[in-house]
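Below: one structure, written as structure tokens.
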Amino acid sequence: MKTAPKLKQMIEQLAEKHAFDLYQVQAYLRLDLNEDKLIIENIGASRISIAYHFLLYGKWAVDPEIVIWTTDKLPSLSEEKEGDVQWVPIELYDFQYGWGA
Numbered sequence: 181m182k183t184a185p186k187l188k189q190m191i192e193q194l195a196e197k198h199a200f201d202l203y204q205v206q207a208y209l210r211l212d213l214n215e216d217k218l219i220i221e222n223i224g225a226s227r228i229s230i231a232y233h234f235l236l237y238g239k240w241a242v243d244p245e246i247v248i249w250t251t252d253k254l255p256s257l258s259e260e261k262e263g264d265v266q267w268v269p270i271e272l273y274d275f276q277y278g279w280g281a
């Protein structure tokens with residue numbers, strides 16, 4: 181499994197800036213970027229969803245959306261220290277290519 185330490189660092193910094201607890205189940209953060217939105221939410225079962233929403237022909241579209249599995253049970257797979265929470269991408273939705281795991 182490949183981890184995503186740079187994504188983890190960036191999202192954790194955003195969460196800290198907005199006093200948002202990423203690891204609280206059902207936690208939800210919406211950042212409005214003009215007409216676009218970045219939505220970060222803890223969807224339970226050690227998963228975090230990160231999605232960029234934008235208007236396309238008057239309707240909301242998502243591109244991309246990524247679901248991350250968070251765990252501290254894996255041996256260190258990257259430069260992270262063993263025992264740290266690691267982020268493992270498990271789903272990706274891309275407007276052009278669709279859903280992938």
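The numbering of the sequence shown is this note's numbering, which starts it at 181 and goes up by one. Glycine included, every Cβ here is placed at the ideal spot set by N, Cα and C.
For residue 183, the closest C-alpha among the options 268, 217, 219 is that of 268. Around the Cβ of residue 202, a 10 Å sphere holds 16 or more other Cβ atoms; the residue is buried. Residue 244 is positioned such that its CB atom lies closer than 8 Å to that of residue 273. DSSP places residue 215 outside both helix and strand once states are collapsed to three, so it counts as coil.
Separation of residue 219 and residue 248 (C-alpha to C-alpha, rounded to the nearest whole angstrom) is 14 Å. In this chain, the alpha helix (DSSP H) harbouring residue 195 covers 185 to 197.
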